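Following our numbering, the numbering of the sequence shown begins with 2 at its first residue and continues without gaps.
Where a beta carbon is used, it is the ideal one built from N, C-alpha and C, also for glycine.
None of these values were measured; they are calculated from a predicted model.
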Amino acid sequence: MLEELQRRHYSEATTQRYIRLVERFAQHFHCSPDRLGTRHIREYQAQLFTVQKLSPGSVTNHLCALRFFYIQTLKSRGALPTLPIQETHRLPTILSQEEVAQLIDAAHTPFHRTILMTLYATGVRDAELTRLKVSDIDSRRMVIHIQGGKGRQDRDVMLSPVLLDELRAHWRRLRKKSSTWLFPGNRWHTSARPIDTKTPRHACQYAARRAGIKKKVYPHLLRHCFATHLLEAGADLHTIQILLGHHDLKETAIYLHLSQRHLHATASPLDALVLKGSSPQEE
């Protein structure tokens with residue numbers, strides 16, 4: 002299965018997740034997964050919902066991993082049942098620009114501050130941020146090159162002058178200048194390897210706690226804020242789609258439901274009613 006995933010150029014994160022989910026499936030039945038079939042998959046799906054209380058999206062991830070294993074690795078389409086899932090579409094929580102400023106100002110360390118500013122200024126995914134290289138910062142064209150994003154797609158995003166100043170200050174603070182990674186790993190940021198996705202997650206959690214923000218703050222939330230605030234500032238949906246690296250405009254259209262500019266552009270029908278003065282007094 003690992004060879005099949007690598008041959009199809011799946012990302013490292015997806016590869017690890019798929020293998021881990023198939024492993025859990027096998028452990029549940031204490032049996033090699035190639036000896037399990039439709040009945041076992043149906044039973045497993047049911048317990049994911051009823052026992053583990055997973056969301057429809059999480060169960061879909063499990064089924065995608067099993068689908069890859071049976072179809073691509075075992076070449077056995079008959080083992081997979083047709084299992085329609087009713088997806089639940091929830092709108093993400095959005096921070097106001099004032100809350101984003103409070104979050105950045107409350108960063109636990111200067112390193113965390115730079116990470117938070119980069120996430121918000123570019124809309125990159127946390128995994129994309131960890132793989133940013135020094136050579137990806139193009140100060141002449143004022144763009145940042147995002148290489149190997151979701152679906153192995155490259156794209157460019159804007160380089161904010163404010164972020165450029167922050168990145169230069171970040172570079173001067175590094176004890177050991179990496180020739181490759183913009184955000185070197187380990188406690189002292191001197192590793193030959195980049196940070197992992199725990200670092201931006203911890204940066205968000207610590208800053209939110211220090212800022213007294215009650216909303217759940219995580220790296221992808223700053224990506225949502227980036228897109229929503231751009232839309233509120235007048236950017237068109239197609240431009241935001243390109244900046245986010247979305248394949249389908251439908252993915253980007255969710256931000257229409259989050260943008261205050263679009264929500265306030267249409268008046269409520271209540272405003273058009275002609276009502277009598279005040280409410281009647283309670284008898």
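Rounded C-alpha distance that separates residue i from residue j
{"i": "Thr39", "j": "Arg174", "result": "56 Å"}
{"i": "Leu37", "j": "Glu24", "result": "12 Å"}
{"i": "His109", "j": "Thr200", "result": "12 Å"}
{"i": "Ile42", "j": "Lys76", "result": "16 Å"}
{"i": "Leu244", "j": "Val275", "result": "45 Å"}
Check whether residue i and residue j have beta carbons under 8 Å apart
{"i": "Asp106", "j": "Arg202", "result": "no"}
{"i": "Leu133", "j": "Ala204", "result": "no"}
{"i": "His225", "j": "Pro57", "result": "no"}
{"i": "Ile138", "j": "Leu96", "result": "no"}
{"i": "Leu257", "j": "His239", "result": "no"}
Given residue i as reference, the closest of the options once Cα atoms are compared
{"i": "Gln98", "options": "Leu222, Leu238, Ala268 and Tyr45", "result": "Leu222"}
{"i": "Arg211", "options": "Arg114, Thr74, Ala273 and Glu167", "result": "Arg114"}
{"i": "Ala228", "options": "Tyr11, Tyr121 and Thr51", "result": "Tyr121"}
{"i": "Val144", "options": "Val158, Thr131, Arg153 and Gln154", "result": "Val158"}
{"i": "Trp172", "options": "Pro111, Val60 and Ser260", "result": "Pro111"}
{"i": "Arg142", "options": "Leu276, Gln242 and Pro162", "result": "Pro162"}
{"i": "Leu64", "options": "Val101, Gln46 and Gly149", "result": "Gln46"}
Cut-off 8 Å between Cβ atoms - residues of its own chain near residue i, not counting five sequence neighbours on either side
{"i": "Glu284", "result": "Unreliable positioning characterises Glu284 in this predicted model, as indicated by a pLDDT of 47, which lies under 50. A coordinate reading is not provided."}
{"i": "Ser180", "result": "Val135"}
{"i": "Ser140", "result": "Leu160 and Leu165"}
{"i": "Arg297", "result": "Look at the range of the chain in this structure, 2 to 284, and you will see that residue 297 is not part of it."}
{"i": "His29", "result": "Tyr45 and Gln48"}
Proximal residues to residue i (C-beta, below 6 Å), its chain only, five neighbours per side dropped
{"i": "Gly186", "result": "Ser192, Arg194, Pro195 and Ile196"}
{"i": "Gly213", "result": "none"}
{"i": "Glu129", "result": "Ile147 and Gly150"}
Beta-carbon contacts of residue i that lie in its chain and below 7 Å, excluding the five residues immediately before and after
{"i": "Ile20", "result": "Met2 and Leu3"}
{"i": "Phe69", "result": "Tyr19"}
{"i": "Ala27", "result": "Ser33 and Pro34"}
Give, in chain order, every unbroken run of the beta strand (DSSP E) that is at least 3 residues long and sits entirely within the region 39–124. none
Quick one: complete alpha helix (DSSP H) runs, 4+ long, within the region 144–210? Segments of the alpha helix (DSSP H) lying fully in the region 144–210: 162–174.
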